[in-house]
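So the structure is just underneath, and the comments pick up after that.
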Amino acid sequence: MKIIVTGGAGFIGGNFVHYMTNKYPDYKIICLDALTYAGNMETLEPVINKPSFKFIKGDIADRELIYKLFEEEKPDVIVNFAAESHVDRSITNPDIFLRTNIIGTSVLLDACRKYGIKRYHQVSTDEVYGDLPLDRTDLFFTEETPIHTSSPYSASKASADLLVQAYYRTFKVPVTISRCSNNYGPYHFPEKLIPLMIANALNDKELPVYGKGENVRDWLYVEDHCIAIDLIIHKGRVGEVYNIGGHNERTNLEVVKTILKELGKSESLIKYVTDRPGHDMRYAIDPTKIHNELGWEPKTLFDEGIKKTIKWYLENKKWWENIISGEYQNYYEKMYANR
Ligand code: NAD
Ligand code: TDX
Numbered sequence: 525m526k527i528i529v530t531g532g533a534g535f536i537g538g539n540f541v542h543y544m545t546n547k548y549p550d551y552k553i554i555c556l557d558a559l560t561y562a563g564n565m566e567t568l569e570p571v572i573n574k575p576s577f578k579f580i581k582g583d584i585a586d587r588e589l590i591y592k593l594f595e596e597e598k599p600d601v602i603v604n605f606a607a608e609s610h611v612d613r614s615i616t617n618p619d620i621f622l623r624t625n626i627i628g629t630s631v632l633l634d635a636c637r638k639y640g641i642k643r644y645h646q647v648s649t650d651e652v653y654g655d656l657p658l659d660r661t662d663l664f665f666t667e668e669t670p671i672h673t674s675s676p677y678s679a680s681k682a683s684a685d686l687l688v689q690a691y692y693r694t695f696k697v698p699v700t701i702s703r704c705s706n707n708y709g710p711y712h713f714p715e716k717l718i719p720l721m722i723a724n725a726l727n728d729k730e731l732p733v734y735g736k737g738e739n740v741r742d743w744l745y746v747e748d749h750c751i752a753i754d755l756i757i758h759k760g761r762v763g764e765v766y767n768i769g770g771h772n773e774r775t776n777l778e779v780v781k782t783i784l785k786e787l788g789k790s791e792s793l794i795k796y797v798t799d800r801p802g803h804d805m806r807y808a809i810d811p812t813k814i815h816n817e818l819g820w821e822p823k824t825l826f827d828e829g830i831k832k833t834i835k836w837y838l839e840n841k842k843w844w845e846n847i848i849s850g851e852y853q854n855y856y857e858k859m860y861a862n863r
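Position one of the sequence shown corresponds to residue 525 (my numbering), numbered consecutively onward.
Here's what the structure looks like:
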């Protein structure tokens with residue numbers, strides 16, 4: 525089996541590459557990544573010298589490059605993680621989100637159509653469903669929940685999902701889609717809530733909490749996401765959408781306070797800052813379908829996963845300090861200075 529993993533130098537794609545090369549030593553895993561600000565070769569250090577692994581630098585929206593790659597490699601499966609993934613960046617600069625997340629997906633689908641494929645898997649997000657009210661804890665996103673997006677990021681991801689479904693119906697490309705809740709764990713880029721708060725707390729910097737910190741996210745340990753995608757590409761039904769999430773809902777403030785407590789830091793580091801425009805209130809996944817059809821359930825609950833994650837950031841300071849000492853400084857200044 526030959527699998528092309530796009531976006532494999534990023535957070536979830538990187539964890540997926542590690543997971544798959546360990547679990548299936550006889551599979552050929554090819555990582556295609558444009559190495560944007562979010563891509564990091566240090567994330568691929570544990571696999572880079574494995575004979576079953578190959579890295580190619582390239583953009584999923586580059587049609588010529590993608591067709592050549594398909595022609596040369598003749599992959600069986602594509603798992604598309606490559607995306608612009610940060611909601612705040614999509615608010616300040618939507619353009620690149622449309623190019624990578626929509627056009628990039630369409631180029632990959634065209635290549636699948638042209639060269640043939642056993643499976644195209646689109647890594648999507650629960651954000652395509654919009655949000656749920658805080659006072660209706662009985663409500664969850666199912667695969668039937670209508671698409672209803674809030675940010676340029678989620679609109680671009682939803683557009684990609686619609687294209688994937690159109691290529692299934694019209695051209696019979698064998699696709700699957702997974703829509704996962706918020707991930708956390710090793711190699712998470714420190715612009716996102718959990719790694720940002722860990723890094724700031726360790727540096728005794730303020731922890732910027734948007735609004736009142738009452739927004740709820742459904743946190744999934746990244747390895748559980750990798751296990752779910754592995755199951756879907758091997759056993760999932762073609763044309764289907766699978767929600768992935770584990771009923772690990774926490775308010776942002778609960779998450780931040782847990783991190784401070786684990787690190788022995790004071791809550792006085794918390795700084796309430798101007799809210800994100802259009803900020804989704806609550807995400808919560810109903811994972812019944814993937815549980816019933818594929819037997820998936822999360823292995824790592826939040827209280828254990830957050831400890832493991834903090835431990836990883838403590839033991840791998842070089843990985844994230846290299847990031848926050850570079851261009852990231854300009855981003856941080858722009859995003860947080862006048863908030
Ligand atoms: P990330 O930002 O950490 O990584 C994205 C990777 O894609 C980077 O390595 C980057 O270099 C690469 N990339 C960007 N544009 C590219 C292009 N045009 N061509 C090739 N490579 C390109 O993102 P992540 O958090 O690992 O998310 C991965 C996927 O999972 C995304 O599709 C995202 O929408 C989805 N997702 C993320 C979460 C989450 O909580 N992080 C939850 C649900 C779904
Ligand atoms: O500094 C911050 N302060 C803060 O309060 C940051 C960066 C975030 N937040 C809040 C906003 C959200 O309510 O924390 C919550 C989580 O924020 P992010 O880490 O930016 O994630 P989110 O917007 O929920 O989106 C994530 O989950 C779904 C991923 O980034 C997406 O790629 C994925 O699709």
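Beta carbons are placed, not taken as given, at the ideal position from N, Cα and C, and that holds for glycine.
- From the listed residues R613, P618, W743, E595, the smallest Cα separation to L632 is found for E595.
- Taking T782 as the centre and dropping the five residues before and after it, the same chain places the C-beta of I830 closer than 7 Å to its C-beta, in chain order.
- Here V779 has L717, I718 as same chain residues with Cβ atoms under 7 Å from its own Cβ, once five neighbours each way along the sequence are excluded.
- Taken atom to atom, the span from the alpha-carbon of N776 to that of R741 is near 7 Å.
- For T775, the pairing in a beta bridge is given by DSSP as V740.
- Set against 7 Å, the gap from the CB of S792 to the closest heavy atom of the ligand NAD is not smaller.
- Taking C-beta atoms under 8 Å as the contact rule, A533 and L568 qualify, at a distance of about 6 Å.
- Comparing C-alpha distances from P822 to each of R637, L744, A635 shows the shortest one belongs to L744.
- Contact annotation: G582 and L556 have beta-carbon atoms nearer than 8 Å.
- The beta-carbon separation of E738 and L658, rounded to 7 Å, stays under the 8 Å limit for a contact.
- Exclusion of the five residues before and after T669 leaves Y653 as the residues of its chain whose Cβ lies within less than 7 Å of its Cβ.
- For N707, the shortest C-beta to heavy atom distance toward the ligand NAD is below 7 Å.
- Secondary structure of L825 (DSSP, three-state): coil.
- If you draw a straight line from the Cα of G819 to the Cα of A558, it is about 34 Å long.
- According to DSSP, residue pairing for R703 in a beta bridge involves S648, N767.
- Between K789 and A723, the C-beta gap is not smaller than 8 Å, which leaves the two residues out of contact.
- In this structure G640 is exposed. Its beta-carbon is surrounded by fewer than 16 other beta-carbon atoms within 10 angstroms.
- With contacts defined as CB atoms closer than 8 Å, N767 and D810 qualify as a contacting pair.
- In the DSSP assignment, I626 falls outside any beta strand (DSSP E), carrying neither H nor E.
- Apart from the 5 residues on each side of it in sequence, A635 sits with its Cβ closer than 7 Å to the Cβ of I590, Y591, F594 in its chain, given in chain order.
- In this structure, DSSP gives D685 a helical state, which the three-state scheme calls helix.
- About 4 Å separates the beta carbons of N772 and F826, which is inside the 8 Å limit, making them a contact pair.
- Excluding the 5 residues flanking it on each side, L793 has same chain C-beta neighbours closer than 8 Å at N724, A725, D728, K729, E730, L731, L784, in chain order.
- Rounded to the nearest whole angstrom, the C-alpha separation of Y734 and Q853 is 19 Å.
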